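Here the structure comes first, spelled out in structure tokens, and everything after it is commentary.
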Amino acid sequence: MGGVDQVYETAGSEFTTLQAGKLVAAGGTVTLVGMCADSEIKLDIGSISAMEAKINTIFRYRNLYPTAIKLISQGKIPVKKVVSHVFDFKDIAEGVNYNIDNKADVIKAVIKIS
């Protein structure tokens, strides 16, 4: 069966929201963080129900940054596993174009400001 105990959907797209139901393990949790442009989208409730998984939602901008920064600095959130590409600020146009042209390869891209 497989799956993971915790799935975070952060992209806010219908495609990744549907994927969440196929990734969660039995008894796991799907947390919807991303905000979809359309308030009504498809959700794979059948897969989520079959796994007896929970669904959480969170409004991502509400007082979360201090907690997120703390957890990242403590190493409790493995951001290096999420970031697939890093671009320097001077290369921002190249980074944006790369993301547009290589959607299948980019998980999360970061623009480094230094």
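Numbering (numbering that gives the first Met the number 0), first residue to last: 0 to 113.
Backbone N, C-alpha and C define an ideal beta-carbon position, used for all residues, glycine too.
This structure is a prediction, so every number in the text was calculated from the model and none was measured.
Per DSSP, the beta-bridge partners of Val-29 are Val-6 and Ile-54.
At least 8 Å separates the beta-carbon of Leu-42 from that of Thr-15. Ala-49 has no beta-bridge partner at all, per DSSP. Beta-bridge pairing by DSSP links Phe-88 to no other residue.
Taking C-beta separations shorter than 6 Å and ignoring five residues to either side along the sequence, the partners of Val-6 in its chain run Ala-19, Leu-22, Val-23 and Val-29, following chain order. DSSP, read as helix, strand or coil, puts Ala-108 in strand. Judged by their CB atoms, Val-78 and Ile-68 are not nearer to each other than the 8 Å cut-off. Judged by beta-carbon spacing, Glu-13 lies within the 8 Å limit of Ile-40, meaning their Cβ atoms are closer than that value.
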